[in-house]
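Written out below as structure tokens is the structure these notes cover.
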Amino acid sequence: MGQRRTHRQHSLQTFIGALAHSERYQHEHKEIMLLVPGPLFLKDLHLKTAFPAQHIHLLIFPFHSKLIKRTKMMRTRVIFLLASTSLLTLCQAQELSLDDMELVARTTDFAFSLYRKIASTSDDNIFLSPLTAAASLAALSGGTQSTTRTELLEGLALSSLEQDGQASRIPELFQKLDDILTQDGAFQSDRAIAFFLSQKVEVQKVFSDQFKKFFKADLPEVDFSNPEASKFTINQYIRTQTRGKVASDVGNIDPETQLMLINTIFFQVKWDLPFNSSFTQEERFYVNKYNIAQVPMMFRADKYYLAYDRSLKLGVLKLPCQGKVAMLVLLPDKDVDYTAIDEELTPERFRGWVKQLKKTKLEVQLPRFKLERSYSMQKILPDLGIVDIFENKADLSALSKEARLKVSQVLLKGGIEADEKGLSNSATMASSITEVSMPPRLTINRPFLFLIYHEVTNSLLFMGRVIDPTKN
1 MGQRRTHRQH SLQTFIGALA HSERYQHEHK EIMLLVPGPL FLKDLHLKTA
51 FPAQHIHLLI FPFHSKLIKR TKMMRTRVIF LLASTSLLTL CQAQELSLDD
101 MELVARTTDF AFSLYRKIAS TSDDNIFLSP LTAAASLAAL SGGTQSTTRT
151 ELLEGLALSS LEQDGQASRI PELFQKLDDI LTQDGAFQSD RAIAFFLSQK
201 VEVQKVFSDQ FKKFFKADLP EVDFSNPEAS KFTINQYIRT QTRGKVASDV
251 GNIDPETQLM LINTIFFQVK WDLPFNSSFT QEERFYVNKY NIAQVPMMFR
301 ADKYYLAYDR SLKLGVLKLP CQGKVAMLVL LPDKDVDYTA IDEELTPERF
351 RGWVKQLKKT KLEVQLPRFK LERSYSMQKI LPDLGIVDIF ENKADLSALS
401 KEARLKVSQV LLKGGIEADE KGLSNSATMA SSITEVSMPP RLTINRPFLF
451 LIYHEVTNSL LFMGRVIDPT KN
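Position one of the sequence shown corresponds to residue 1 (full-length UniProt numbering), numbered consecutively onward.
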């Protein structure tokens, strides 16, 4: 009986936490009342969640018809959990625990820190997958010890999830989140994490097993003393993992290299509301005051979610995608430089935009684009506080007993393609709005940013900036 009650407590706790992060709550719910049958009390829940405590007005036990009548008089959202089985079904559908939500929050923090750093050093197109970047570095953390591990987890904003004696805790959380995203179809992409090792390095079995089990990663050995041969091996690996969709030139390789971490991914956008290719036409894209590019501009008229940030003078358009994924297109006003938006990107603004979205009839014009980018993270991560892994003082003793072992290179490679297609790879024959009166038109014909996220968990999957859609 005690085990059953504990399970119900955990399920309710999970449900409340998941509800707080759901897009439906963010759009519609201001307050919530839970009417739960059975002998379960608020003090037993030990709630530790982002859900505002003041919004949980009442938990009533046992269920009583007079109380139902009374609650109808109150101006609040009411959720009736009529049976334990219903509650369990809701929780299992979300599959989110408090730790899962904490991981999402922490990886989102890292995502915006990483993006802002890259954006501050580049005036070109940007594309990256911050979640897979965090996952690959979290995988590496399993091989670190002492201050090297502490520094790496702090740089990834994951130190709050660290618990003594639970070395597999963070890897297990990443594995569970990946399973949820994969199950929903959110990560229908060609991706891989690989740790290329010198043939002289003998890997600890515990690290090897964890690396492969939780991150589905590879540990290929290469002969770095032969730079051309090792370069060929690594390039071939990238081509195979992305089915040739991501360029595979890793550049020059130092023959003294010991360890090289490579994260590669290609994402094909699959719209829930595909664009009609017969409406696509060449139009102007204003790269800057002096340069104009001709781009294939896609078109669709439909009902979209839209918001406007007055403080930043920024339009926010939500484009739904397959796999419970959405793209937020961030379009600065004509008199606003995109670099000003780069500097203001934060998790709080991201969550605020999602909450403010309102559905409206709209004609959307979006340029077709395909981006591919590669980042040498050993040049970026030190500015985020991650230094030790690249230096001789690195403690990688959980990875190998090899003395003076360090990471020589961390390479982040990614590509994205956004065209007219949906999941079926065929555009719709007609737009869904047929009224005679024409809805307003939003034309994305100047530099814009985009955020691609999983709507159930709010996980930030991809980020990017399109300055010139014609430049791959």
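A virtual CB, placed ideally from N, CA and C, is assigned to each residue, including glycine.
Q175 versus V203: straight-line alpha-carbon distance, rounded = 22 Å
message = Please list the terminal residues of the continuous alpha helix (DSSP H) segment that includes F207.
response = K205 to F215
CA-to-CA distance, I118 to E344, given in whole angstroms = 14 Å
query = Ordered along the chain, which non-local residues of its own chain (more than five positions away) have a Cβ less than 6 Å from that of D419?
reply = R368
query = At which residues does the beta strand (DSSP E) containing V354 begin and terminate?
reply = Unbroken run through V354 is the alpha helix (DSSP H), P347 to Q356; no beta strand (DSSP E).
key: DSSP three-state assignment for E372, whether helix, strand or coil   = strand
query = Whole beta strand (DSSP E) runs in the stretch 106-157 with 3 or more residues, listed along the chain?
reply = 126-128
task = Work out the CA separation of K471 and I193 for me, nearest whole Å.
result = 26 Å
request  = Report back the beta-carbon spacing between residue 485 and Q322 to the nearest angstrom; my notes put them in contact at under 8 Å.
outcome  = Given that the chain is displayed from residue 1 to residue 472, the structure contains no residue 485 and the question cannot be resolved.
ask   = Between which two residues does the beta strand (DSSP E) carrying S198 extend?
value = S189 to S198
inquiry  = Going by DSSP in three states, L461 sits in which element: helix, strand or coil?
reply    = strand
message = Along the chain, where does the beta strand (DSSP E) containing A293 start, and where does it finish?
response = I292 to D309
message = Pull the bridge partners of G422 from the DSSP assignment, please.
response = W271
query = Taking just the CA atoms, how far does Q365 sit from E283?
reply = 10 Å
key: Burial state of D388 (16 or more Cβ within 10 Å)   = buried
inquiry  = Helix, strand or coil for residue 474? Go by DSSP, reduced to three states.
reply    = The requested residue 474 does not occur in the structure, where the chain is confined to residues 1 to 472.
ask   = In chain order, what residues of the same chain have a beta carbon less than 6 Å from the beta carbon of L374, not counting five sequence neighbours either side?
value = Note that residue 374 corresponds to Ser in the displayed sequence, not to Leu. Only K413 meet the Cβ criterion.
ask   = By a C-beta neighbour count over all protein chains shown, 10 Å radius and 16 as the cutoff for buried, is S189 buried or exposed?
value = buried
key: For G143 and L384, believed in contact at Cβ under 8 Å, the rounded distance   = Rounded, the Cβ-Cβ distance is 19 Å, inconsistent with contact.
query = Should D100 go down as buried or exposed, given a rule of 16 or more other Cβ atoms within 10 Å for buried?
reply = buried
request  = Give the straight-line distance between the Cα atoms of V287 and D124, rounded to the nearest whole angstrom.
outcome  = 11 Å
query = Using a Cβ-Cβ cut-off of 6 Å (strictly less than) and excluding sequence neighbours within five positions of F279, which residues of its own chain qualify?
reply = F299
inquiry  = Taking 6 Å as the limit between beta carbons, can you name the residues of its chain near F195, skipping five residues before and five after?
reply    = L219 and L261
task = Would you tell me roughly how many angstroms separate the C-alpha atoms of L34 and G352, rounded to the nearest one?
result = Residue confidence is low: L34 scores 45 on pLDDT, short of 50, so the model does not pin down where it sits. Its coordinate-derived value is still stated next. Whole-angstrom Cα-Cα distance: 25 Å.
query = In the structure shown, what three-state DSSP assignment does I416 receive?
reply = strand
ask   = Short check: CB of F462 to CB of S129, under 8 Å?
value = yes
inquiry  = Quick check on E282: does DSSP put it in helix, strand or coil?
reply    = strand
task = Just the C-alpha distance for E391 and P382, rounded to the nearest angstrom, thanks.
result = 11 Å
ask   = Which residue or residues does DSSP assign as beta-bridge partners of G315?
value = Y308 and L331
message = Tell me whether the stretch 166-175 and the stretch 230-246 touch, counting them as touching only if at least three CB pairs, one residue from each stretch, are closer than 8 Å.
response = no
ask   = Where does D218 fall in DSSP's three states?
value = strand
inquiry  = DSSP three-state label for E391, please.
reply    = coil
ask   = Residue range of the beta strand (DSSP E) that P443 falls in?
value = In the sequence under discussion, the amino acid at residue 443 is Thr, which differs from the Pro named in the question. Unbroken beta strand (DSSP E) run through T443: R441 to T443.
inquiry  = According to DSSP, simplified to helix, strand and coil, what is S97?
reply    = coil
query = Per DSSP, which one or two residues make a beta bridge with I262?
reply = A194 and L411
key: Option nearest E455 by Cα separation, candidates I180, L259, D109 and L152   = I180
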